[in-house]
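What follows is one structure encoded as structure tokens, with my remarks underneath.
Protein chains: 2
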Amino acid sequence: MRDLTEARRPLSPEELAALAAVVGEAHLLVARDDLEPYGRDWTEDFRAEPAAVARPRTTSEVSSLLKLCSERRIPVTPQAGRTGLSGGALPIRGGLVLSLERMSSILEIDEANLVAVAEAGVVTQELHEAVEARGLYYPPDPASRASCRLGGNVAENAGGPHATKYGVTSKWVMGLEAVLASGEVLLTGGKTRKDVAGYDLTSLLVGSEGTLAVVTKAWLRLIPKPGAAAVVVAPFATLEEAAAAVAAISRAGLVPAALEIVDRPCVDVSFRKKGLPVPFPEAEARLLVELDGADDAEVERDVTRCGEVLLEAGALDAVLATDEAKRRELWEVRRGIGEAVRELGSSSELDLAVPRTELAPLVRGVRRIAAEAGLATACFGHAGDGNLHVHVYREGRGEGDEARFEEATRAIYAEACRLGGTVTGEHGVGVAARGVLALRHSPAVLAAMRAVKAALDPLGILNPGKALA
Amino acid sequence: MRDLTEARRPLSPEELAALAAVVGEAHLLVARDDLEPYGRDWTEDFRAEPAAVARPRTTSEVSSLLKLCSERRIPVTPQAGRTGLSGGALPIRGGLVLSLERMSSILEIDEANLVAVAEAGVVTQELHEAVEARGLYYPPDPASRASCRLGGNVAENAGGPHATKYGVTSKWVMGLEAVLASGEVLLTGGKTRKDVAGYDLTSLLVGSEGTLAVVTKAWLRLIPKPGAAAVVVAPFATLEEAAAAVAAISRAGLVPAALEIVDRPCVDVSFRKKGLPVPFPEAEARLLVELDGADDAEVERDVTRCGEVLLEAGALDAVLATDEAKRRELWEVRRGIGEAVRELGSSSELDLAVPRTELAPLVRGVRRIAAEAGLATACFGHAGDGNLHVHVYREGRGEGDEARFEEATRAIYAEACRLGGTVTGEHGVGVAARGVLALRHSPAVLAAMRAVKAALDPLGILNPGKALA
Chain A
96 MRDLTEARRP LSPEELAALA AVVGEAHLLV ARDDLEPYGR DWTEDFRAEP AAVARPRTTS
156 EVSSLLKLCS ERRIPVTPQA GRTGLSGGAL PIRGGLVLSL ERMSSILEID EANLVAVAEA
216 GVVTQELHEA VEARGLYYPP DPASRASCRL GGNVAENAGG PHATKYGVTS KWVMGLEAVL
276 ASGEVLLTGG KTRKDVAGYD LTSLLVGSEG TLAVVTKAWL RLIPKPGAAA VVVAPFATLE
336 EAAAAVAAIS RAGLVPAALE IVDRPCVDVS FRKKGLPVPF PEAEARLLVE LDGADDAEVE
396 RDVTRCGEVL LEAGALDAVL ATDEAKRREL WEVRRGIGEA VRELGSSSEL DLAVPRTELA
456 PLVRGVRRIA AEAGLATACF GHAGDGNLHV HVYREGRGEG DEARFEEATR AIYAEACRLG
516 GTVTGEHGVG VAARGVLALR HSPAVLAAMR AVKAALDPLG ILNPGKALA
Chain B
96 MRDLTEARRP LSPEELAALA AVVGEAHLLV ARDDLEPYGR DWTEDFRAEP AAVARPRTTS
156 EVSSLLKLCS ERRIPVTPQA GRTGLSGGAL PIRGGLVLSL ERMSSILEID EANLVAVAEA
216 GVVTQELHEA VEARGLYYPP DPASRASCRL GGNVAENAGG PHATKYGVTS KWVMGLEAVL
276 ASGEVLLTGG KTRKDVAGYD LTSLLVGSEG TLAVVTKAWL RLIPKPGAAA VVVAPFATLE
336 EAAAAVAAIS RAGLVPAALE IVDRPCVDVS FRKKGLPVPF PEAEARLLVE LDGADDAEVE
396 RDVTRCGEVL LEAGALDAVL ATDEAKRREL WEVRRGIGEA VRELGSSSEL DLAVPRTELA
456 PLVRGVRRIA AEAGLATACF GHAGDGNLHV HVYREGRGEG DEARFEEATR AIYAEACRLG
516 GTVTGEHGVG VAARGVLALR HSPAVLAAMR AVKAALDPLG ILNPGKALA
């Protein structure tokens, strides 16, 4: 475990009593064992220890906690599912963790207006199941959807495979209830689909990583659930051909619901973990394309056309799946990769994104830089969005030369930016990418962001050390 | 004409010389006749007079102008097409109008990445035509699209009929080049489809009505142009039935590209203007539904199903159009209404929006309030979005009692908010709705917006008196 604690802000008995008076003794955790899980998320081996954890049940409790922490300058780190991959929820400056896990009610599914209203602590998959039971659909589907919570999705502006067609979380948030550091409660939108009365505070808060306000409720846009879906998986001899096929799909007028890419090291480790032989082991890359639509006929037409396009683009094969069992089987390989690559050895996961056409140049650059540093890489991600997760690892779990490792990952981030891309596509800056934010944004843009931060959290108590720090 | 000038900030000969040195003598207008058109937009009969108009050609000129104006505390009102309906582009505090009309180049249409890059002065319809010639599609289509410019669309977060399916301008902006009051140039995004590196300044600037920065360039997301479209128009005996039909369409799983509503007074004046008899003159409301899709077969299936749904929901008739000539004819009635209602007499256009299910209650409330004040109304708008344009007018062009008129319009705004709605769905706050913004937002939300304004424009020189004032 790597302890990222940068500062400790212990809490006095008087402060602890005041916090406990808000949420009740039972929901203010202070014992070391109780605190331990709140010091970790899913980012590598990072940890950081809070002085206490408060688990409020209501917005009014959140407001009281923040007012207290403002008065006493106590750092506050909001947490939801703690499944983040950039360390955004780690309390690196100590103080209070504000966990929203108990605010976990789906308050309303308004079928006529196609809006769900849910608290920040609702597990994303629970919302999926609840709306799908009514024939509706909430597309954002981060890989951690069985454990992550809506508040975290909003804070990090989470993506996922279906963002390719449907867009990331921000496209689905119609309004937020959020609490400023001062304790003031904001309501930024609601069930009205068009609203240009003043600045778009909703979008400003989405993706702000808990540094501007604590989100307590969200109004989420829904659509009718697509009637049918199908998947096609295609191996390619080279990465260049796979990347070219992504463009060919778009040129053919197809709009995939998901368009995923995995490279050979990912596939190898994933099949090895399952104890299965790799089909087309010589393939350097594989694409997984999902198409959805109103009915089976539409989807079968599209998936057949997509298979043709992939074969014309040089695919070694094209495996189609229209029934759900087979679809799930094809997805399983892709979904298992995030977990499997951790077996490759001590690694960092870089969440790069570039314009779609720069995907092949990006992978080439990543491999060149890693090879020069004697490191290995495994890449997978959302090709339709140009979003590539790059695991940079030391083969054989050796600790190696830390400075060389850091230098190589920084060069990879720089390569993504040189190609017109960014240092994080969907995981957030958190602590993982804050050191490279200046590769992405000019001093003027960073200064504007810092001015916004100072305007809404003048004391700097909200999730200090994250995103912009 | 109603002169809205609240303050005059004359420019000294030295200031004019400094401004002219940036853009060239030919592009700094000071003669009264030259200034006159820059004192008007399409909002009712509003006007306001600037001291001068600068027409820069480059971002660097915009930056120099703003730096100058910051140093000298000169109010700056950015303008693009001046087609706004809330007075957002009127120089009500005098000073300089910064017109972006000469920055009118489409810089790139990147077919592989599905991105257009265009300057703020590009006329929206020119962009439509340029991308459609390549089989691509930029959905935002404000009614003024033949005259409005992208910079204005971005500033006001413009909507239009196709927002029902595709969303408003903000959903299509991937990045902006914008200049702060200080002259600092920001680049907030680009061709990368997913980017969570820091706060979403792009969305913050979209819809900020030129009060936070002057937008000079936009990166706009494109999609493949739908292969086919069809329209169905249906008259209903009552408004309630028409509103219920909107929900029925959605329940049937149909996702219209546009879903418009017009009430009887609108239809009457529109047909009268054309000298044509009104079909189904007893109908209190009409719906126009456009459906688009991949090909003719898909669209014919959907429009037929939609016609059935409308008839089941009580429509008196359902006229289908699949060929383009007939489609255009059906749209013409709807498109002519914005113009035609101006003939009804001296009026205010309220741009209300409510949750879709509250449309019928809203219209009932509007009529009740207007009737009690002895005023008439004509309503039309984007039913799929719950966005209703309400013309409140004095029959017979009488000037009437101004206080009573103001009181009635305020009560109508309040009714929209009571129903969970807002005081402007797509036109922007500008000057038209600034007096009622407090009906929509709590003091805490307004304070947060003002803090953001102060953070990015500390001297308050950008479009003063608009949106939040």
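Taken in sequence, the protein lines are chains A and B.
Count along the first sequence starting at 1, add 95, and that's the number in this note's numbering.
Count along the second sequence starting at 1, add 95, and that's the number in this note's numbering.
The beta-carbon is built from N, C-alpha and C at its ideal position, and this holds for glycine as well.
Bear in mind the structure is a predicted one, so any value in this text is a computation, not a measurement.
* Asked: What number of angstroms, rounded off, separates the C-alpha of leucine 425 of chain B from the C-alpha of valine 384 of chain B?
  -> Mapped onto the second sequence, residue 425 of chain B falls at position 330. Mapped onto the second sequence, residue 384 of chain B falls at position 289. Taking the straight line joining both Cα atoms gives about 10 Å.
* Can you check DSSP and say which residues form a bridge with leucine 114 of chain B? => Locating residue 114 of chain B in the second sequence gives position 19, counting from the first residue. BP columns for leucine 114 of chain B are empty, so no partner.
* Asked: Mind checking if proline 559 of chain A is an interface residue toward chain B, Cβ cutoff 8 Å exclusive?
  -> Walking along the first sequence from the start, residue 559 of chain A turns up at place 464. For proline 559 of chain A, the answer is no, since every Cβ of chain B falls outside 8 Å of its Cβ.
* Three-state secondary structure (DSSP) at cysteine 474 of chain A? -> Within the first sequence, numbered from 1, the residue matching residue 474 of chain A stands at position 379. Reduced to three states, the DSSP call for cysteine 474 of chain A is strand.
* Asked: Which residues in the same chain have their Cβ closer than 6 Å to the Cβ of valine 461 of chain A, if we skip the five residues on either side of it in sequence?
  -> Here residue 461 of chain A is taken as the residue at index 366 of the first sequence, counted from 1. Cβ within range, chain order: Thr472, Val485, Ile507.
* Asked: Beta carbon of aspartate 480 of chain A, beta carbon of alanine 258 of chain A: below 8 Å?
  -> Counting from one through the first sequence, the residue named residue 480 of chain A turns up at place 385. Counting from one through the first sequence, the residue named residue 258 of chain A turns up at place 163. In this structure, alanine 258 of chain A lies closer than 8 Å to aspartate 480 of chain A by Cβ.
* To do: Output the boundary residues of the alpha helix (DSSP H) element that contains tyrosine 508 of chain A.
  => To locate residue 508 of chain A, count along the first sequence from 1; it is residue 413. Segment 497–513, the alpha helix (DSSP H) holding tyrosine 508 of chain A.
* Does the segment 284–300 of chain A come close enough to the segment 294–304 of chain B to have 3 or more Cβ pairs within less than 8 Å? -> yes
* Run the CB neighbour count on leucine 229 of chain B, radius 10 Å, all protein chains shown included, and call it buried at 16 or more, exposed below. => Here the question's residue 229 of chain B lines up with position 134 in the second sequence. A small correction: the amino acid at residue 229 of chain B is arginine; leucine does not occupy that position in the sequence shown. Exposed, since its Cβ has fewer than 16 Cβ neighbours within 10 Å.
* To do: Measure from the C-beta of lysine 266 of chain A to each C-beta in chain B and report whether the shortest distance is under 8 Å.
  => The residue labelled residue 266 of chain A in the question sits at position 171 within the first sequence. Judged by the 8 Å Cβ criterion, lysine 266 of chain A is in contact with chain B.
* **Partners in chain A for proline 450 of chain B, counting only beta-carbon separations shorter than 7 Å** => If you number the second sequence from 1, residue 450 of chain B lands on position 355. The answer, in chain order, is Asn208, Lys286, Thr287.
* To do: Taking only the alpha-carbon atoms, compute the straight-line gap between alanine 102 of chain B and arginine 168 of chain B and give it to the nearest angstrom.
  => As a position in the second sequence, residue 102 of chain B is number 7, starting the count at 1. As a position in the second sequence, residue 168 of chain B is number 73, starting the count at 1. Straight-line Cα distance between these residues: approximately 13 Å.
* Asked: Is the distance from the Cβ of glycine 216 of chain A to the Cβ of alanine 175 of chain A below 8 Å?
  -> Position 121 of the first sequence, counted from the start, is the residue given in the question as residue 216 of chain A. Position 80 of the first sequence, counted from the start, is the residue given in the question as residue 175 of chain A. For glycine 216 of chain A and alanine 175 of chain A, yes; Cβs fall inside 8 Å.
* **Test: aspartate 140 of chain A CB closer than 8 Å to a CB of chain B** => As a working note, residue 140 of chain A is residue 45 in the first sequence. Not closer than 8 Å to any Cβ of chain B, the Cβ of aspartate 140 of chain A fails to qualify, so no.
* chain A beta carbons: is any one of them nearer than 8 Å to that of histidine 536 of chain B? -> Within the second sequence, residue 536 of chain B is the residue found at index 441, counting from 1. Cβ-Cβ to chain A under 8 Å: yes for histidine 536 of chain B.
* Cβ of asparagine 482 of chain A less than 8 Å from any chain B Cβ? -> To locate residue 482 of chain A, count along the first sequence from 1; it is residue 387. Yes, asparagine 482 of chain A lies at the interface with chain B (some Cβ there is under 8 Å from its Cβ).
* Identify the continuous beta strand (DSSP E) that holds asparagine 482 of chain A and give its terminal residues. => Taking the first sequence and counting its residues from 1, the one referred to as residue 482 of chain A is at position 387. Its beta strand (DSSP E) spans residues 482–488.
* **tryptophan 267 of chain B versus proline 559 of chain B: straight-line alpha-carbon distance, rounded** => Numbered from 1 along the second sequence, position 172 holds the residue referred to as residue 267 of chain B. Numbered from 1 along the second sequence, position 464 holds the residue referred to as residue 559 of chain B. Distance between the alpha carbons of tryptophan 267 of chain B and proline 559 of chain B is about 27 Å.
* Report yes or no: is there a C-beta of chain A within less than 8 Å of the C-beta of alanine 539 of chain B? => For the purposes of this step, residue 539 of chain B is taken as the residue at position 444 of the second sequence. Interface residue, yes.
* Asked: If we count the other Cβ atoms within 10 Å of its Cβ and call it buried at 16 or more, is alanine 112 of chain B buried or exposed?
  -> Indexing the second sequence from 1 puts residue 112 of chain B at position 17. It counts as exposed.
* Asked: Can you tell which of B/Lys260, B/Thr417, B/Asp552 has the C-alpha that lies nearest to the C-alpha of leucine 349 of chain B?
  -> Working through the second sequence from its first residue, we reach residue 349 of chain B at position 254. Taking only the C-alpha atoms, the option nearest leucine 349 of chain B is B/Lys260.
* To do: Report, in whole angstroms, the separation of the C-beta atoms of leucine 334 of chain B and glutamate 379 of chain B, which I expect to be a contact under 8 Å.
  => Taking the first residue of the second sequence as 1, we reach residue 334 of chain B at position 239. Taking the first residue of the second sequence as 1, we reach residue 379 of chain B at position 284. Going by Cβ atoms, the distance from leucine 334 of chain B to glutamate 379 of chain B rounds to 5 Å, so yes, they are a contact pair.
* **Helix, strand or coil at isoleucine 556 of chain A [DSSP, three-state]** => Position 461 of the first sequence, counting from 1, holds the residue named residue 556 of chain A. Correct three-state label for isoleucine 556 of chain A: coil.
* So, using beta-carbon positions, are lysine 162 of chain B and glycine 278 of chain B closer together than 8 Å? -> Locating residue 162 of chain B in the second sequence gives position 67, counting from the first residue. Locating residue 278 of chain B in the second sequence gives position 183, counting from the first residue. Against a cut-off of 8 Å, the Cβ pair of glycine 278 of chain B and lysine 162 of chain B comes out as a contact.
* Run down chain A in chain order and give the residues with a C-beta less than 8 Å from the C-beta of valine 192 of chain B. => As a working mapping, residue 192 of chain B is identified with position 97 in the second sequence. The contacting residues do not exist; valine 192 of chain B stays about 22 Å from chain A at best.
* Asked: Thinking just about the alpha-carbon of each residue, which of B/Val531, B/Val274, B/Arg437 is nearest to the one in arginine 489 of chain B?
  -> For this step, residue 489 of chain B is matched to residue 394 along the second sequence. The residue with the shortest Cα to Cα distance from arginine 489 of chain B is B/Arg437.
* State the DSSP-derived secondary structure class of lysine 286 of chain A, mapped to helix, strand or coil. => By one-based count along the first sequence, residue 286 of chain A stands at place 191. If DSSP states are grouped into helix, strand and coil, lysine 286 of chain A belongs with coil.
* Using a Cβ-Cβ cut-off of 7 Å (strictly less than) and excluding sequence neighbours within five positions of cysteine 401 of chain A, which residues of its own chain qualify? -> To locate residue 401 of chain A, count along the first sequence from 1; it is residue 306. Val327, Ile344, Leu349, Val384, Leu386, listed in sequence order.
* Thinking C-alpha only, which one of B/Glu203, B/Gly262, B/Gly322, B/Val540 is nearest glutamate 419 of chain B? -> Translated into positions along the second sequence, residue 419 of chain B becomes position 324. Ranking B/Glu203, B/Gly262, B/Gly322, B/Val540 by Cα distance to glutamate 419 of chain B puts B/Gly322 first.
* Check whether the Cβ of glutamate 251 of chain A lies closer than 8 Å to any Cβ atom in chain B. => Here the question's residue 251 of chain A lines up with position 156 in the first sequence. It does: the Cβ of glutamate 251 of chain A has a partner Cβ on chain B nearer than 8 Å.
* Asked: To the nearest angstrom, how far is it from the Cα of serine 159 of chain B to the Cα of alanine 115 of chain B?
  -> Residue mapping note: residue 159 of chain B aligns to position 64 of the second sequence, counting from 1. Residue mapping note: residue 115 of chain B aligns to position 20 of the second sequence, counting from 1. If you take the alpha carbons of serine 159 of chain B and alanine 115 of chain B, they lie about 11 Å apart.
* Range of the contiguous alpha helix (DSSP H) that encloses lysine 561 of chain B -> Indexing the second sequence from 1 puts residue 561 of chain B at position 466. Looking at the DSSP string, lysine 561 of chain B is not in any alpha helix (DSSP H), and its letter there is neither H nor E.
* **Residue range of the unbroken alpha helix (DSSP H) whose run includes tryptophan 314 of chain A** => Residue mapping note: residue 314 of chain A aligns to position 219 of the first sequence, counting from 1. Here tryptophan 314 of chain A belongs to no alpha helix (DSSP H); instead the beta strand (DSSP E) covers 309–316.
* To do: Measure from the C-beta of serine 303 of chain B to each C-beta in chain A and report whether the shortest distance is under 8 Å.
  => Indexing the second sequence from 1 puts residue 303 of chain B at position 208. True, the Cβ-Cβ gap to chain A drops below 8 Å.
* Taking Cβ-Cβ distances shorter than 7 Å, what residues in chain B pair up with glutamate 279 of chain A? -> As a working mapping, residue 279 of chain A is identified with position 184 in the first sequence. By Cβ distance, chain B contributes Ala539.
* To do: Report yes or no: do the segment 536–547 of chain B and the segment 194–211 of chain B share at least 3 C-beta pairs separated by less than 8 Å?
  => no
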